[in-house]
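Number of protein chains: 4
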Amino acid sequence: MIFTSDNWAGAHPAISEALTRHATGFSAAYGTGDLDRQVEATFNQIFEREVAVFFVGTGTAANSIGLASVAKPGGVAFCHNQAHVIEDECGAPEFFSQLRLAPVDGPAGKMSPEALRAQIARYPAQFVHHGQPAAVTITQATEIGTVYSHDEIEAISAVAKEKNLPLHMDGARFANAMVALNSTPAKMTVDRGVDIVSFGGTKNGCWCAEALVFFDPEMARQVPFIRKRGAHLFSKSRFIAAQFAAYLENGLWLELAGHSNAMASRLREAIAASSKARLAWNGQTNEVFAILKATTAAAAQEKGARFYDWPVPKGMENGPAPDETLIRLVTSFATSETDIDRFADLLG
Amino acid sequence: MIFTSDNWAGAHPAISEALTRHATGFSAAYGTGDLDRQVEATFNQIFEREVAVFFVGTGTAANSIGLASVAKPGGVAFCHNQAHVIEDECGAPEFFSQLRLAPVDGPAGKMSPEALRAQIARYPAQFVHHGQPAAVTITQATEIGTVYSHDEIEAISAVAKEKNLPLHMDGARFANAMVALNSTPAKMTVDRGVDIVSFGGTKNGCWCAEALVFFDPEMARQVPFIRKRGAHLFSKSRFIAAQFAAYLENGLWLELAGHSNAMASRLREAIAASSKARLAWNGQTNEVFAILKATTAAAAQEKGARFYDWPVPKGMENGPAPDETLIRLVTSFATSETDIDRFADLLG
Amino acid sequence: MIFTSDNWAGAHPAISEALTRHATGFSAAYGTGDLDRQVEATFNQIFEREVAVFFVGTGTAANSIGLASVAKPGGVAFCHNQAHVIEDECGAPEFFSQLRLAPVDGPAGKMSPEALRAQIARYPAQFVHHGQPAAVTITQATEIGTVYSHDEIEAISAVAKEKNLPLHMDGARFANAMVALNSTPAKMTVDRGVDIVSFGGTKNGCWCAEALVFFDPEMARQVPFIRKRGAHLFSKSRFIAAQFAAYLENGLWLELAGHSNAMASRLREAIAASSKARLAWNGQTNEVFAILKATTAAAAQEKGARFYDWPVPKGMENGPAPDETLIRLVTSFATSETDIDRFADLLG
Amino acid sequence: MIFTSDNWAGAHPAISEALTRHATGFSAAYGTGDLDRQVEATFNQIFEREVAVFFVGTGTAANSIGLASVAKPGGVAFCHNQAHVIEDECGAPEFFSQLRLAPVDGPAGKMSPEALRAQIARYPAQFVHHGQPAAVTITQATEIGTVYSHDEIEAISAVAKEKNLPLHMDGARFANAMVALNSTPAKMTVDRGVDIVSFGGTKNGCWCAEALVFFDPEMARQVPFIRKRGAHLFSKSRFIAAQFAAYLENGLWLELAGHSNAMASRLREAIAASSKARLAWNGQTNEVFAILKATTAAAAQEKGARFYDWPVPKGMENGPAPDETLIRLVTSFATSETDIDRFADLLG
């Protein structure tokens, strides 16, 4: 009953198998080998166009390099106030890009276009004192398990385009979001106006496979240098390519995301049915937020359930009562129905 | 006959096996899991004391974070003029540390203590205009396949200590150097006054396993934040721990380094015996530099040998004649005697 | 009737006279000359102890270097959400320090200790993901013309000390605040637990004279290099020393601040007495915020009054009605009673 | 007999007078006032075209912002190995631009085009490991008092253009060089292919007046933000404009540079005529380098002469004998013939 995070799971057997298989033989280093090229072509296929793609080992690296690629002096990138880039990356995006991150409000973990427009408006063109807008970044799926609908992405994109700002998507849980939306890589990104994607594999069954995808090669021009200067160019980069090769083959990535989403749905149902717990809000992916009696939470932990308490967002409606606690439960490719059902039993 | 680089090899089967074995089950993320702790203890053992150890995915990251941990404003780190940090890392050490790298001369790829002292002396204390000395970094084995002897490390260390500068060792080929010296981890580092080690596994049979080792935990105090801010903290960090677990078990690392060193010796013998080639200088590890007739080099490449031309160092004695070329040949754990012997045949 | 900003005024005649007088003769450069030393001694006198003092040319430089001197990797500095460092310095503090600025709420332009404590608590020790607290910075006088009382500074200081964080004071309008409090340099700073002061002269009659003052010389150890690396060490630095010499002589600085504060009081009285305007909030220094009928504001501008519209703070009580506007009026050493009275007439 | 540096002189009376005259009245801040605009127009006139010009307070700031404006990730700027940017700015150019400075050899303090081409060639396009060329910067007049002739600038410019690199000129002693060449601002810069100029006034009679000049406004697009983020935008920026107004009026700047150059010539003649001293090399501007018997140097200092010992450049021909010393003597607008003649007497 490990629901702490999807990164507590290891790697899917197909990933291990691919790593073992590609471990033999010699291959050109630093991303120039045959397997790298082949997997890059796979990215072209899934995004239905030629993309510039760069492999890195962490989602934070993908986000940071992505934002660095569109940086300006005194620049500001706009993100939701609960976004991973501003909450959980220890300033890496700022370190790589020298941008400031400006938090934007919005319900359900998603920026509202109005709040975004208002924040951008605080930085009038050529008024050097405040700095200048440089980028917008959204998290899909969000940190609280929700997803931006196609329309919602488009609405954010419209504001970004209106202000001439590139739009980045932190897709650490890209597959979970896409499956939840029943969308495609292109439909959820470039067709909606997204310019740069951090395409995550790690949380969905890889060891450490993240791809930074650009739809405009010109925008990506400095990325090889940004990545290398950030010490994120692997010499034996085929070990990332191998992970992606297996991940993207025969729809494994969709299958794994489908599984973890389904496990989360099963969990949500159990919580909704429980008298000792309720859903904090509706998510569509593999993160579930619940409000439990503190005694129930403690009892579950005693019985072996692992999960994190979660800070109560400002202005939360129907938040936890004094004797209640807000918790986060994350499912993964490795979560079993048995785990869910055992946890459901604990909720009574 | 792939002699381009040791990073053209993949991963040793024991590494793949460990990754597969540790892929199952859940484990605490971000370096806090049991396997991480266990491998950290192994580092204590091989260095014969408690060390602070941080896993990262690239040697450039280890070097950059190591230097960043001892950075000062306007600071300068001293390295050999052919060092990897100054030649091949795209400014990553400077990016992470905001230090300048000052090149120091010295024969055989190694800083001479006199040249080091002279360079440091150019930065008088409290003279803000030039900047201030901040660190010394040596590469062991060096970029040209030589190694610092124990005495040579101690001589550099003495200069560093005299100037109150921490001493870092870029050990991307740590094992090759140690085996060549018939030394031990502690004898080659902390016993000689080295403060920080980039302990490389990647070039010697891992996929991507580098450890940044500090002998003084106080010096390492900010490293967790430097690593995370650099986007170099892996969530599923056990995949690095697993590599090191296999690498350090039963002396595998020494065996692999011993093999690649032996293959390089065999290669050096073949070159010394050839009438069409000669050794550019004497190395002791797995990098061999040879001067060939350009026609011989071309013919070898046509027959399938792969290696890189190498820039002729300034002031090289007995350097290549106009019809000759300087090449680098690197062996690895995956190099076979057959490869060496086939190449020897090409040299006639 | 120029009320746009105190930096629209030029320099006081005593400043010009000092610059002219000290322009002759040769003097050691880069802050090592006799006049520099002499003015440093004056700072010791006014702060009643030995301080480390560094001259720079802009308040933004003083703030940025001050924060850089206490920076940590992944560090966060806490400031009021309307502070100059976060609103009006184009990211300079972040650029110099690589710190993030975290906004803290609080009424009347001042951080509340509770809000500060709550913000700091979001960065638990050794939890690398969020970053680590590094400093607290307050603005005295604040951006909206209020001042922290001695007790209020002490309350902020108590939180900072509790968390082992250095406390910086942005004193761009130090003199205005000190005169308003009827305090002394030491009482308003080091006696309250402030560690670093940006001591501003520019807005109070100098051309460009700012001093960065440290009470603990150890904390200032790297500042000479931070300042030089930031290109903020003047060769002919006596031109700043000369400004301060005149500024601090015979209480000129207090006289000028007293004058601008008095002009602001006269302005506040006129506004309070007007039927077409009201005070937005109570300030004690040389910045006055008023709510006017938009038509009144426009008419005043037409008659030659110059001032800025000001953004309405979130959650402002008794804010402007739809036909009203919030404006800022700043007085300076150069403001005359006549200007105030002419403006008062415009308000009717 | 102060020959330490031209920045030991204060300000010319005309500069003081202008500062005093412009100290009264109100004026728009942050470079937007009438005087700023008027002086910007003067720059257009002296460069015979519309230029983008930015005032800053130090030469290091001008150089650093200039290089930052053309920075690239992993980028390298090429400068002479004795250039001020690499020797005397404490890493400020690297700090602002995140570029590395690569030293280039060349006689007489000037880069040789061949050495420049060779250095650039070490950074092949798209080879991320070494980094990428980003800019070339020359110092005019050089650090050792020589000047690049028109042809020499053009030769450097040709290499820069061939490699698509912008060419920056550090003109801390712009006027001294221009007068020595009997050139004009345009002829010495844009007509030769220079893209960016740090136009110095400080060393030639101003307090602190430096202008960063761009011939291509597009190249300057980010400079307002780079300057502000570097804390180098003065609020009362008219105090710099006022200095330049006086400096550029009626050819004062040429007169002052002519004077200091003439004083240096007089000094060179005295040294050439002396039996106890000889010229280290031929300079054309206001820096004179001489080799004296150490006893002569000591005696001169005892009699009140002030100058700096200078490090002997590597490979210097006819350098100092063991009982000799290399010294630098700098003249300025404030140097008198009497000073020169008294010093000449000391040389016997």
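So the sequences go chain by chain: A, B, C and D. So that you can map any letter, position 306 of the first sequence is 306 in the UniProt record's numbering, and since no number is skipped, the others follow by simple counting. So that you can map any letter, position 156 of the second sequence is 156 in the UniProt record's numbering, and since no number is skipped, the others follow by simple counting. So that you can map any letter, position 315 of the third sequence is 315 in the UniProt record's numbering, and since no number is skipped, the others follow by simple counting. So that you can map any letter, position 133 of the fourth sequence is 133 in the UniProt record's numbering, and since no number is skipped, the others follow by simple counting. Note that CB positions come from ideal geometry on N, CA and C, so glycine has one too.
For the pair B/GLY66 and C/GLN222, the Cα-to-Cα distance works out to about 20 Å.
In this structure, the beta-carbon distance from D/THR20 to C/GLU324 does not fall below 9 Å. Three or more pairs of CB atoms, one per stretch, sit closer than 8 Å, so the segment 217-231 of chain A contacts the segment 63-78 of chain D. Runs of beta strand (DSSP E) with 3 or more residues, each lying fully within the segment 232-290 of chain B, are found at 277-279, listed in chain order. Flagged as an interface residue toward chain D: C/ALA23, by a C-beta distance shorter than 9 Å. By the C-beta criterion, the segment 237-252 of chain B is judged to be in contact with the segment 51-60 of chain B, since at least 3 inter-stretch pairs fall below 8 Å. For B/GLU143, the secondary structure class from DSSP, reduced to helix, strand or coil, is coil.
Taking 9 Å as the CB threshold, D/VAL70 stays off the interface with chain B.
If you check each beta-carbon in the segment 219-232 of chain D against every beta-carbon of chain A, the ones closer than 7 Å belong to GLN222, PRO224, PHE225, ILE226, LYS228 and ARG229. For B/LYS161, the nearest beta carbon of chain A is not closer than 9 Å to its own beta carbon.
The beta-carbon of A/THR60 is placed less than 9 Å from the nearest beta-carbon of chain B. Listed in chain order, the non-local C-beta contacts of D/VAL194 below 6 Å within the same chain comprise LEU167 and MET169, local neighbours out to five positions each way being set aside.
Taking 9 Å as the threshold, the shortest C-beta distance from B/GLN82 to chain D does not fall below it. Runs of the alpha helix (DSSP H) lying entirely within the segment 161-227 of chain C, each at least 4 residues long, are 174-181 and 185-188 in chain order. If you check the CB distance, B/ALA245 and B/THR24 do not come in under 9 Å. Within its own chain, the residues whose Cβ lies closer than 7 Å to the Cβ of D/ASP216, once the five positions on either side in sequence are excluded, are ASP195, listed in chain order. For the pair A/VAL85 and A/LEU212, the CB atoms are not nearer than the 9 Å cut-off. The beta carbon of B/GLN301 does not come within 9 Å of any beta carbon belonging to chain C, so the residue lies off that interface.
Secondary structure of D/GLU89 (DSSP, three-state): coil. Selection C/GLY319, C/PHE127 and C/TRP310 evaluated against C/ILE327 yields C/TRP310 as nearest (Cα-Cα). Contact with chain B is found for A/THR202, since one of that chain's Cβ atoms lies less than 9 Å from the residue's Cβ. Contact check for B/PRO113 and B/VAL51: beta-carbon distance about 26 Å, past the 8 Å limit, so the pair fails to qualify. Annotation: the continuous beta strand (DSSP E) that includes D/PHE54 extends over 52-56. Close to chain A, meaning a Cβ-Cβ distance shorter than 7 Å, are the following residues of the segment 95-115 of chain C: PHE95, GLN98 and ARG100. When secondary structure is reduced to three states using DSSP, D/ASP309 falls in the strand class. Contacts with chain D at 9 Å (Cβ-Cβ) do not include C/HIS168.
Contact note: D/GLU87 reaches chain B through HIS129 and HIS130, using a C-beta cutoff of 8 Å and chain order. Taking 3 residues as the minimum length, the beta strand (DSSP E) runs contained wholly in the segment 14-88 of chain B are 52-56 and 75-80, in order along the chain. Against chain D, a Cβ distance below 9 Å from C/ALA334 picks out THR24, GLY25 and PHE26. Under the Cβ criterion (8 Å, minimum of three pairs), the segment 143-162 of chain B does not count as touching the segment 123-130 of chain B. Residue range 294-302 is occupied by the alpha helix (DSSP H) that includes D/THR296, with no beta strand (DSSP E) assigned at that position. Straight-line measurement puts the Cα of B/LYS293 at about 12 Å from the Cα of B/LEU346. Taking a contact to require three or more Cβ pairs closer than 8 Å, the segment 196-205 of chain D and the segment 1-13 of chain D qualify as touching. As far as DSSP is concerned, A/LEU347 takes part in no beta bridge. Separation of the CB atoms of D/GLN140 and D/GLY106 is rounded to 13 Å, and the pair is thereby denied contact status at 8 Å.
Per the coordinates, the alpha-carbon of D/TYR247 lies some 17 Å from the alpha-carbon of D/ASP34.
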